[in-house]
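full-length UniProt numbering puts the first residue of the sequence shown at 1, with every later residue one more than the last. Idealized CB from N, CA, C, for every residue including glycine. Treat the numbers as computed from the prediction; the structure is a model and nothing was measured.
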Amino acid sequence: MAEFNQAAPLGFVDAVKRVINKYAEFKGRASRAEFWWWMLGCAAVSVVLSILAAITGFKLFQMISGLFSLAVLVPTLAVSWRRLHDTGRAGGWWFINFIPAVGLIIFIVFCAAPSEPQPNRFGEVPAN
Numbered sequence: 001m002a003e004f005n006q007a008a009p010l011g012f013v014d015a016v017k018r019v020i021n022k023y024a025e026f027k028g029r030a031s032r033a034e035f036w037w038w039m040l041g042c043a044a045v046s047v048v049l050s051i052l053a054a055i056t057g058f059k060l061f062q063m064i065s066g067l068f069s070l071a072v073l074v075p076t077l078a079v080s081w082r083r084l085h086d087t088g089r090a091g092g093w094w095f096i097n098f099i100p101a102v103g104l105i106i107f108i109v110f111c112a113a114p115s116e117p118q119p120n121r122f123g124e125v126p127a128n
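Encoded structure:
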């Protein structure tokens, strides 16, 4: 029976910590788990802040939502860039998001693609 050393899946907290620790690092690779946990966390916080702003009518929640978006902008760009590297694509493919209608769909497909299983020109295979 073949044994393989597969690391435990990356959890939400560890993924968020990793993205924050590499908040402006555009070199290297990011696993699917790291990318998608980060995106889920950002989306959840944004939705909660938007709901609070809509329910309460407080401008404070709108301001906090805007500040949160600014705070996660660079880490989100960096983890997206590294995720593209992990699939063997240059980070510049991120700009495909600017193509109306189809750009975001293509970007999501790229980010959902499996990691290259071996080291590539962007670095070693990321820890799960």
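The C-alpha of arginine 89 is placed about 12 Å away from the C-alpha of isoleucine 96. The DSSP-derived three-state label of asparagine 97 is helix.
Under the three-state reduction of DSSP output, asparagine 120 falls in the strand class. DSSP, read as helix, strand or coil, puts asparagine 21 in helix. Put simply, the backbone Cα of alanine 113 is about 40 Å away from that of threonine 56. Cβ contact annotation for tryptophan 37 (same chain, cutoff 6 Å, sequence separation greater than five): Phe12, Ala15, in chain order. The DSSP-derived three-state label of serine 115 is coil. With distances taken between CA atoms, methionine 39 lies nearest to Lys17 out of Gly123, Lys27, Lys17. Burial check for phenylalanine 35: the Cβ neighbour count within 10 Å reaches 16 or more, so the residue is buried. In this chain, serine 31 is not harboured by any alpha helix (DSSP H), its DSSP state being neither H nor E.
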